[in-house]
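Enquirer: Below you'll find the structure I mean.
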Amino acid sequence: MAVETSPGPTRRSLLAPVTGRLRQIALLRESPVGMVGAALVLFWALVALFAPFLAPYDPNANDYLALADPTPSAEHWLGTDNQGRDMLSRVIWGSRTVLTVAPIAVICAYVIGCLFGLLAGYYRGWMDTVMMRIADIILSFPVIILYIIIIATYGPSAANIVIAVTFTAAPQIIRIVRGLTLEIRERDYVAAAKMRGESTWYIMLVEILPNARGPLIVDACLRMGYTIIAIGVLGFLGLGLPPPDPDWGGMVKDTYGFMSIWPHMALIPCAAISSLVVGFNLLADGLREISLRD
Amino acid sequence: MTQQTPVLELQNASISYFTRAGEINVVPDLSFKLEQGEALGLVGESGCGKSTVAFAVMSYLGGAGRLTSGRILFEGRDMSSMSAAELRQIRGGKMAMVYQDPMSSLNPVMRIGQQLIEVPIIHQGASKKEARIRALHMLKEVNLPDPESVFERYPHQLSGGQQQRVVIAMALMAEPSLLVMDEPTTGLDVTVEAAVLDLVRRLRQVHNSAIVFISHNLGTVVRICDRIGVMYAGELVEEGPISEVFRRPSHPYTRGLLNCIPALGSDKHSTPLVPIPGQVPPALHRPKGCIFSSRCAYVVQGRCTDHRIPMEHVRDSGRHRVQCVRYDELDPYRRPTTATSAAAVAAEEREADSVLEIEHLRKIYHQAASIFGGEGGYDVKALNDISLSAKRGTTLAIVGESGCGKSTLAKVLTGLEEATSGTVRLEETDIGKLSVEKRGTEIKRKLQMVFQNPDSTLNPSHSVGYAISRSLRRLKRIGGRQARQEARQLMETVKLPADFVMRKPRQLSGGQKQRVAIARALAGDPDLVVADEPVSALDVSVQAAIINLLMEIQSGRDATLLFISHDLSVVRYLADRVAVMYLGKVVEFGSVEDVFNPPYHPYTEALLSAVPIPDPDLQQKRIILEGSIPSVTDIPKGCPFATRCPRKIGEICDTTPPPEHRTASGHRILCHIPLDELKHFEPVISTAAE
Amino acid sequence: MTAFFAKRAGYLLLTMVVVSFAIFTIMEFTPGQVARKVLGPFATQLQVDMLTEEMGLNRPVVVRYLEWAGNVLQGDLGRSTLYKQPVANVLWDRLGNTAILAAIAFAIIVPASIILGVAAGMREASLLDRTISIGGIVTTSIPEFASGVFLVSIFVIWLGWLPGTSTLNTGGGWPLASQLVLPVAVMVLYDLGYVVRMVRASMVEVMTRPYIRTAILKGLSFRDVILKHALRNAMIAPFTVILLQINYLVTGVVVVEAVFAYPGFGRLILEAGLSQDVAVIEAATLVAVFITVMAQIIGDFGYMLLNPRIRFS
C-alpha cells in the first residue's frame, strides 16, 4: 500500500479519536475562561430546573413580620423585599423566568435568521439584495424604541417579549448566516453535492449549515447574554412580565427606591443577572478560543 | 576552499516547538556552512522543517519555537547571544528575507515606496531623500517598469510577480550578506516564476549575497543554487554540489524523491513514477536509528536502526555528504524504466470512439456596470471558441497559466456553469447548455469531477463513508445497505483501509482526502472524469501515488480523464492529448508528442523553457516573457499572445486573429508564423553534449 | 465619490420613510387609546370619540401618515399629547442634554478602547491581554441598571461622594458636573468592553499577518512595528463599529436616564412610548434613524479612506 505523509505531528492527530460534539466539550476543558462561564451557566440552569425544590418559600408570599428588618436573617437567607417576600425564593424563581423566555427568543430568532440567511447567501441576486435591505432597515431602527413601542402598545407578556427580541435579533443572524453561506457555498463539496443531484434544501441544510455551526454556537451564546440583558432592561423599565411573577429586572425596579435604606433588595437581583450574563459571555469567549485553534 | 569565516554556520542546531502536547523536536541536529556569496538550496516535502530552519536563521521562531541546543553563527557571531538591538541591526541590514506569499508580506495600507525607504533609513541612517533615490534604483534593478509610479502604488495594484520583485528589492536595499528565500516562487505562474528566478540569478552575481533558498521544487533549486541540501523529517540527509547530488544521489530518500517526479521529457510509457511507501514518522516518536529506515528499501535491521546515523563524506568528494551507512553499497543511481513501452504505445493507438467533443465553445460573463444593469458594463470572454475532443479511455490534458480559462472549461463541462454558445457533446448528448440542475441522473453518473483543494473537497461534517455512499445512492439509485457495501469496495479501489469509512476528513492527510474524492467521483462508474489540478496541492511523493492511482483506475475502467493542470511535467507524463490554453483560447492542441516537440506555438515554447527541471544535465533554452498576462476584460484584438510573444512577426499579430495550422496527425497551432517556420524551431530541451 | 454619497443619501431617506411609516402602522392597531390616555380614565366614551375625531385619529393610517410627513417636511414635528406642547420644544432640549452625556462618554471610549485594544492585541495571550479581555467581557456583561445599582451603592450610599440622581436642577460647577459622573461611568462601562474587544480582535488578527513579520525582520523596533505597520491595519475593521457607538450613546441611554432620572432623550422616548405619544415617538425615531444611518455613512467613508484596496479598486 502506498500511503502518503501524515499531516504532521500536530495536536490534531493526538486528539483524532475524539469526534463531533464531544470533541468541542473535550476542548473546552483547555480554556479556563470557558470553563468558568460554563460553570456559571450550568449553575443557573440547575437552579432554574430545580426551582420548586430549592426555593424555601413561595416567591409571592408576603411575610409582613419580616418587614421590621428585611435584611438577611436565619429565616430569610437573603432577606426579603419591600413587601416581605423572600429574596432567595424570588431570585431562584426569577432564574426560571429568564431561562425560559431567553432561550425561546433566541431559538425563534435563529430559526428565522438561518432560514433567510441561507436563502439570501445561497441564491444571491435580487433575493439577497431585498433581504439585506430589509435587514439593514430593521437594524437602523433603534432597538430600545422598538422594544418600548411593541411592549407598550401590545402589553407586557412573555410572547410579546419573544416577538420583540426575535424581530431585532433575526436581522443580525441573517447577516451572519448569509456571510457564512456565501463563503461555504463556494467550497468544492457543495459543487460535488450539486453534481450528484442533491436538492437545494439538502445542500443548504446538510452541506452548508452544519459547517457554519462553529461561529453560530459562539454567536448564540453571546446572543443569550444580550437577550437576558434585554429582558432585564424591559423588566427594569416596567415593561417586563406582569407582576407578581418574579423577574430580575422587575425586582430591581420595585426595590430601587429603597436603595438608600435596604440596598440588598436591588443588589441581589443585579448580581444574579450579571453573573448569568457573564457566564454566557465567558462561555462564548472560551468556545471562540477553542474554535480558532483548529 | 577559503579560510574566511563562513557567512552562516549551523553547529548541531536543535529546534523545538513547545505546545500543549509537549516539546516537539522538529529539527534534532542540523549542521551546515554557507560561504560568502554561495547559494544553498534546502529542499524537502512539507513538514520536513525547511521553513523552520529559515526562520531559525533569522532568529524568528515565534513564541512557541526555540533553539534548544547547538549554535547558529552569523559571520562568526552566535545569534542567541545577541541583544535585541543587535538583532534588529542585523535583520534587514545584514540578513534579509524573501517570503512565500508576496501579496500578504507587503503592508496593504502603505505605499510601496514607504515600505522600501524604511530599510536604508533604519540601517544606513539615510535621509528620506537618499532613501528614495536608492529605492528607485533598486526598483529599476529588479526590472520593474516605471519605478516612479510603482513607488507611489499600493501592493494590491501590482501583479504577483511584480510584488515579489518589490519584496526582493526590499531585501537587497541594505546590501545584506545573507539572503534567506522561503519558497519565493511558489504560487506564481510558471512563466513569472522563470522570470523571477532569472532575476535572482542575475542579482546574485551583482550583489554577492549568500543565499539560503528554501523550496519544495528540486527544479527551481537547480536554477539558482551551487549546493543542495535534502531535508527529511528535520534532518539533512544529503548535501553537496548540485551536479554531484543529482548525478550521484546517494541517500535512498533523495533517490526516492527523484523517482517521484515526472521529469519533463519522460512519459508514462517509458518511466514509471515510484512513490515512496509509508509515512514520515511523527516528530514525537523519532526512531533511534535512521529516520528514513521505516520507508527505506535498503534498510538492514540493526545496522540502520540501532544508533544515530552520522553524516559522512561521499568517497572521493570533499563536499558531498550523506547520512546513510549503506550509501556505498547501493547500485549507481539510474531512473527506473519500463521495458514494454512500445507495446503500451501500440495499445493506446487503437481506434477508440470519441467520448467528448467540444466545438466552438464560448463562455462569456457579462459584468454589469451597476446593479441596475443598463448601459456600460463589459464582457469577460472566459472561453473563446474552444474546440477539443477526447477518446474513450485516454487522457486529455488542459494546460495553461492562471486566468487562461481552464477552470471555466471544467465548470461548463460539469454543469456548474452554462455555455454561452457552442456544443459540448458527451457521447450523444449536448450538455453545454445543461446546467447541473437540468441534467438527468444518467448524465450526472457519466460525468464526475475531482477537485483541486483536498481541504475543501470533502464536507468536514460528514464521514468518509457517508460521502461515498451518499454519492452511490444518488447516482446509482441503490439502497443504503448496498451503498455502504459498495463504498467499502471503492475504498479498496483507491487503496484506503476499509475502516477509514468512520473517519472525518480532518483525520485524513491531503493525499488520503484526494483518494476519497476520487472514490466519490467513481461512485457512478463514470465515462468521463474531470480532474481540476488534483495533485497540485500535494507533496511530490503523494502526487506520484495519486497519479499512479488515476492511471490504474483509468485503464481498469476504460474511463476518459480530462486532466487540468498548470504543471507541464505532470501533463507530459500523464496525457495522451494536450491542449495549451491562453486567455480563453486553445493556442495549440495535439498528441502529447506533437505538442512537446517542434513545431511549437511560441507560447508553448515559452512555457516549456520556463519549467524548472530537476536535472542539471538537461539544456533548456531560456525564454523570458516580458510583462504579465493581459486582463480577461482586455483581450488583444489579434493574437491573444501578441503582447508578450518573443517571436512576434509584426503588426499583423496585434490586429488580425491568427489562422489555425493543422497537420495530418491532427496537431493544431494558432499562429501567424507559417507552419514550415515553426517546424524549424529548435527543441527547448536537449541533453547536454556528453 | 459623488455616486457614493448620492446613493447613501437616498438610502438614508428610504430608511427614514420606511421606519416612520412602520411606527405609524404598529401604533395604528390601538387608535382609540391615544384619546383615552390624553383624557384620563374618567372621561366618557363620547368625549373619547370626540377627541379622536378632532385629532383625526379615525382616518386611514396612510392618510394620516402622509399628512404627518407633509408637516415634517415643512419643519412641523407636530404636537405632543403627553407634554401638551409642540414636539420641537421638548425634543431639542432633551436631545441636547443627552448629547452632553454622549459626547463625554464618546470622548472617553474612543481613545480608551484603542489604547486598551491595541495593548491587549499586540501580544496575544499575554497577562495584559487576558486581564483586559476578561475585564472587558465582565463589564459588558453587566446590564446598565445593574452597574447603576452597584455604582450607586458604592459612591452614593457607602462613600457619599456623588449624588444618586441627575436631574440637572442645580447651578453650574461641581454640583452639576458631579451629576454627570455616574451616568457617564455606566455608559462607558457597558460600552467600552465591547469596543475594546473589537479593537483587540482586529489587532490580534493583524499581528499574525505576514507583513508584520516582514516589518519585524526588516529590523524595525517593536514600537515602530506597532505604530507604523499594525495600528492602521488594525483600525480598519473596528472603525465602523466605533462610529456606531454614537448610535448607542444617543438612543440607547434609556436605561441610564431612567436609573438617574436624567432629563434626556431616552427618558423622553420612554415616557412617550408608555403614553402612546405618536408625534414624539415619530420625531424621536427620525432623529435616531438619522443618527444611525449617518454614523454608518461616515463609518463606510472612513473605512474607504483607511483601506486603499477599496479606495483604488
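Residue numbers (the numbering used here), protein chains in the order written: chain A, 329 to 622; chain B, 2 to 691; chain C, -6 to 306. We put the CB at the ideal spot given by N, CA and C, even for glycine. As the structure is a computational prediction, the values presented were derived from the model and not from experiment.
Spell out a yes or no on whether the stretch 137 to 152 of chain B and the stretch 165 to 184 of chain B are touching, meaning 3 or more CB-CB pairs, one atom from each, closer than 8 Å.
Expert: yes
Enquirer: Under 9 Å, CB to CB, which of the residues in the stretch 245 to 274 of chain C have a partner in chain A?
Expert: Gly245, Val246, Val247, Val248, Ala251, Val252, Gly259, Ile262, Leu263, Ala265, Gly266, Leu267, Ser268, Gln269 and Ile274
Enquirer: Specify, as a first and last residue, the run of the beta strand (DSSP E) that A/Tyr392 falls within.
Expert: Looking up residue 392 of chain A in the first sequence gives position 64. Boundaries for A/Tyr392: no beta strand (DSSP E) harbours it, and the DSSP string shows neither H nor E there.
Enquirer: Roughly how many angstroms separate the alpha carbons of A/Tyr385 and A/Pro470, rounded to a whole number?
Expert: As a position in the first sequence, residue 385 of chain A is number 57, starting the count at 1. As a position in the first sequence, residue 470 of chain A is number 142, starting the count at 1. When rounded, the distance between both Cα atoms is 40 Å.
Enquirer: Could you tell me the boundaries of the alpha helix (DSSP H) in which B/Arg1 lies?
Expert: This structure cannot settle anything about residue 1 of chain B, because the visible part of chain B is limited to 2 through 691.
Enquirer: If we count the other Cβ atoms within 10 Å of its Cβ and call it buried at 16 or more, is B/Pro498 buried or exposed?
Expert: Here residue 498 of chain B refers to the residue found at position 497 when the second sequence is read from its first residue. Under this definition B/Pro498 is an exposed residue.
Enquirer: State the DSSP-derived secondary structure class of A/Thr481, mapped to helix, strand or coil.
Expert: Sequence index remark: in the first sequence, residue 481 of chain A carries index 153 (1-based). Helix at A/Thr481.
Enquirer: Looking only at its chain, what residues have a beta carbon closer than 7 Å to the beta carbon of A/Ile476, apart from the 5 residues adjacent to it on each side?
Expert: In the first sequence, residue 476 of chain A corresponds to position 148, counting from 1. Taking C-beta separations shorter than 7 Å and ignoring five residues to either side along the sequence, the partners of A/Ile476 in its chain run Leu567, following chain order.
Enquirer: Rounding to the nearest angstrom, what Cα-Cα distance links B/Glu239 and B/Tyr328 in this structure?
Expert: By one-based count along the second sequence, residue 239 of chain B stands at place 238. By one-based count along the second sequence, residue 328 of chain B stands at place 327. Computed Cα separation, rounded: 11 Å.
Enquirer: At a CB-CB cut-off below 8 Å, which residues of chain C make contact with B/Asn108?
Expert: Within the second sequence, numbered from 1, the residue matching residue 108 of chain B stands at position 107. Chain C residues near B/Asn108: Tyr204, Thr207, Ala208, His222 and Asn226.
Enquirer: What does A/Tyr517 reach in chain B if we use C-beta pairs closer than 7 Å?
Expert: To locate residue 517 of chain A, count along the first sequence from 1; it is residue 189. Simply Ser457, Thr458, Leu459 and Asn460.
Enquirer: Find the residues of chain B that neighbour C/Gly212, judging by a C-beta separation of less than 7 Å, and give them in chain order.
Expert: Along the third sequence, one-based indexing puts residue 212 of chain C at 219. Under the 7 Å cutoff, chain B gives Arg89, Gln90, Arg92, Gly93, Gly94, Ile123 and His124.
Enquirer: Is the Cβ of C/Pro231 closer than 9 Å to any Cβ of chain B?
Expert: Taking the third sequence and counting its residues from 1, the one referred to as residue 231 of chain C is at position 238. Answer no: the Cβ-Cβ gap between C/Pro231 and chain B never drops below 9 Å.
Enquirer: Counting only Cβ-Cβ distances shorter than 7 Å, please list the residues of the stretch 436 to 456 of chain B near chain A, keeping chain order.
Expert: So the close ones are Val437, Thr442, Lys445, Gln449, Met450, Phe452 and Asn454.
Enquirer: Using a Cβ-Cβ cutoff of less than 6 Å, which residues in the same chain neighbour A/Cys549 once the five nearest sequence positions on both sides are dropped?
Expert: Position 221 of the first sequence, counting from 1, holds the residue named residue 549 of chain A. Closer than 6 Å at the Cβ level, and outside the excluded window around A/Cys549, lie Phe608, Leu611 and Ala612.
Enquirer: Please determine, among A/Leu562, A/Lys522, A/Asp575 and A/Leu620, the residue with the shortest C-alpha to C-alpha distance to B/Arg446.
Expert: As a working note, residue 446 of chain B is residue 445 in the second sequence. Comparing Cα positions, the closest option is A/Lys522.
Enquirer: Beta carbon of B/Ser687, beta carbon of B/Leu619: below 9 Å?
Expert: Counted from its first residue, the second sequence places residue 687 of chain B at position 686. Counted from its first residue, the second sequence places residue 619 of chain B at position 618. In contact: B/Ser687 and B/Leu619 (Cβ atoms closer than 9 Å).
Enquirer: Mark B/Glu606 as exposed unless 16 or more other C-beta atoms lie within 10 angstroms of its C-beta, in which case mark it buried.
Expert: Taking the first residue of the second sequence as position 1, residue 606 of chain B is located at position 605. The residue in question, B/Glu606, is buried, as its Cβ has 16 or more Cβ neighbours within 10 Å.
Enquirer: On a CA-only basis, which of B/Ser403, B/Ala524, B/Gly639 and B/Met552 is nearest B/Val581? Give me that one, please.
Expert: Stepping through the second sequence from its first residue, residue 581 of chain B is reached at position 580. Looking at the Cα atoms, B/Ser403 is the closest of the given residues.
Enquirer: Quick check: is the beta carbon of A/Ala594 nearer than 9 Å to any beta carbon in chain C?
Expert: Stepping through the first sequence from its first residue, residue 594 of chain A is reached at position 266. Closer than 9 Å: yes.
Enquirer: Output needed for B/Ser70: all residues of its chain with C-beta closer than 6 Å, excluding positions within five of it in sequence on either side, in chain order.
Expert: Within the second sequence, the letter at position 69 stands for residue 70 of chain B. Same-chain partners within the cutoff: Ser15.
Enquirer: Does any C-beta atom of chain A lie closer than 9 Å to the C-beta of B/Ser556?
Expert: Here residue 556 of chain B refers to the residue found at position 555 when the second sequence is read from its first residue. Not closer than 9 Å to any Cβ of chain A, the Cβ of B/Ser556 fails to qualify, so no.
Enquirer: Go ahead and pull the three-state DSSP assignment for B/Cys672.
Expert: Start at 1 with the first residue of the second sequence, and residue 672 of chain B comes out as number 671. B/Cys672 falls in the coil class under three-state DSSP.
Enquirer: Can you list, in chain order, the residues of its chain whose CB lies under 6 Å from that of B/Tyr604, leaving out five sequence neighbours each side?
Expert: Taking the first residue of the second sequence as 1, we reach residue 604 of chain B at position 603. So the qualifying residues of the chain are Tyr583, Val588 and Phe642.
Enquirer: How about B/Pro461 and A/Asn410: do their beta carbons lie closer than 9 Å?
Expert: Translated into positions along the second sequence, residue 461 of chain B becomes position 460. Translated into positions along the first sequence, residue 410 of chain A becomes position 82. Against a cut-off of 9 Å, the Cβ pair of A/Asn410 and B/Pro461 comes out as no contact.
Enquirer: Enumerate, from N- to C-terminal direction, the unbroken alpha helix (DSSP H) stretches of 4 or more residues contained entirely within the stretch 447 to 500 of chain B.
Expert: 455 to 458, 465 to 477 and 481 to 494
Enquirer: What span of residues does the beta strand (DSSP E) with B/Glu70 cover, start to end?
Expert: Counting from 1 along the second sequence, the entry for residue 70 of chain B is found at position 69. Note that residue 70 of chain B corresponds to Ser in the displayed sequence, not to Glu. Where B/Ser70 is concerned, the enclosing beta strand (DSSP E) stretches over Gly66 to Phe75.
Enquirer: Comparing C-alpha positions only, which one of A/Asp547, A/Ser619, A/Leu595 and A/Asp582 sits nearest to A/Ala437?
Expert: Taking the first sequence and counting its residues from 1, one reaches residue 437 of chain A at position 109. Cα-wise, what sits closest to A/Ala437 is A/Asp547.
Enquirer: Residues of the stretch 139 to 166 of chain B with a CB closer than 8 Å to any CB of chain A: list them in chain order, please.
Expert: none
Enquirer: Just the C-alpha distance for B/Gln164 and A/Arg515, rounded to the nearest angstrom, thanks.
Expert: In the second sequence, residue 164 of chain B corresponds to position 163, counting from 1. In the first sequence, residue 515 of chain A corresponds to position 187, counting from 1. Each residue's Cα considered, the two are about 28 Å apart.
Enquirer: Tell me the DSSP secondary structure of C/Gln289 in three-state form.
Expert: Mapped onto the third sequence, residue 289 of chain C falls at position 296. Residue state, collapsed to three classes: helix.
Enquirer: For the beta strand (DSSP E) holding B/Tyr366, just list the boundary residues, first then last.
Expert: As a working mapping, residue 366 of chain B is identified with position 365 in the second sequence. Run containing B/Tyr366: Ser355 to Gln368, per the beta strand (DSSP E) assignment.
Enquirer: Let me check understanding here. Comparing Cα to Cα, which of B/Ala196, B/Val191, B/Arg135 and B/Glu194 lies closest to B/Ala175?
Expert: The residue labelled residue 175 of chain B in the question sits at position 174 within the second sequence. Closest option to B/Ala175, Cα to Cα, is B/Arg135.
Enquirer: Tell me whether B/Val541 sits in a helix, a strand or coil according to DSSP, three-state version.
Expert: Here residue 541 of chain B refers to the residue found at position 540 of the second sequence. Of the three classes helix, strand and coil, the one that applies to B/Val541 here is helix, per DSSP.
Enquirer: Please determine, among A/Trp529, A/Ala497, A/Thr425 and A/Pro574, the residue with the shortest C-alpha to C-alpha distance to A/Tyr554.
Expert: What you label residue 554 of chain A is simply residue 226 of the first sequence in a count that begins at 1. It is A/Ala497.
Enquirer: Which same chain residues end up closer than 7 Å to B/Ala215 when comparing Cβ atoms and leaving out the 5 residues on each side of it in sequence?
Expert: Position 214 of the second sequence, counting from 1, holds the residue named residue 215 of chain B. According to the sequence provided, residue 215 of chain B is Ile. The question's Ala does not apply to it. Excluding its 5 nearest sequence neighbours in each direction, B/Ile215 has C-beta neighbours in its own chain below 7 Å: Leu43, Lys51, Ser52, Ala55, Met182, Asp183 and Glu184, listed in chain order.
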